Ligand SMILES: [Zn+2]
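Residue numbers (our numbering): 239 to 422.
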């Protein structure tokens with residue numbers, strides 16, 4: 239059964255929604271006539287899209303069941319006019335420039351794919367190593383590191399249950415093994 243995309247900007251979460259409004263306003267003011275083709279996604283719709291190219295005939299259109307669209311922190315766009323998805327990359331770069339100004343990430347910057355996709359900035363994870371280095375004596379530093387590695391290890395074990403594929407599970411196991419090899 240076909241499940242329709244939701245384009246309602248008011249269903250996006252905050253502060254992303256406010257960012258998107260400002261981003262769209264800037265684009266429109268500069269003759270970049272874009273519109274939202276999809277905003278928040280239900281789990282059902284994500285599963286429907288995920289099935290394309292897998293259990294249903296069609297192209298692969300997503301590589302995850304855990305899309306940022308589910309939390310209302312992403313939009314997909316297209317252009318009014320003759321070309322829904324312009325071939326001229328410069329046009330996309332112009333749009334992405336306004337996205338950046340409002341703290342929105344572009345799919346193509348993130349993955350070198352998915353030009354229509356724009357999403358909330360994923361906060362960088364602070365590097366605990368940098369935080370504790372040089373500020374503590376070596377023995378205490380090592381103890382803190384070991385504790386951190388243990389806790390990351392158990393988080394990864396929890397994450398393992400959410401993996402969509404055997405390949406993802408294997409990768410998580412690898413990362414865990416690699417991390418724990420740093421333990422003293
Ligand atoms: Zn998207």
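Where a beta carbon is used, it is the ideal one built from N, C-alpha and C, also for glycine.
Computed from a predicted model, the values in this text were never measured in an experiment.
- The residue from 384, 342, 240 with its alpha-carbon nearest to that of residue 258 is 342.
- Distance from the CA of residue 377 to the CA of residue 405, rounded to the nearest whole angstrom, comes to 38 Å.
- Nearest in C-alpha terms to residue 387, of all of 401, 399, 414, 364, is 414.
- Bounds of the beta strand (DSSP E) holding residue 314 are 312-317.
- Per DSSP, residue 307 is not a residue of any alpha helix (DSSP H), being assigned neither H nor E.
- Residue 290 sits in a strand when the DSSP states are folded into three classes.
- In this structure residue 360 is exposed. Its beta-carbon is surrounded by fewer than 16 other beta-carbon atoms within 10 angstroms.
- Residue range 342-344 is occupied by the beta strand (DSSP E) that includes residue 343.
- Residue 397 and residue 410 have their C-alpha atoms some 8 Å from each other.
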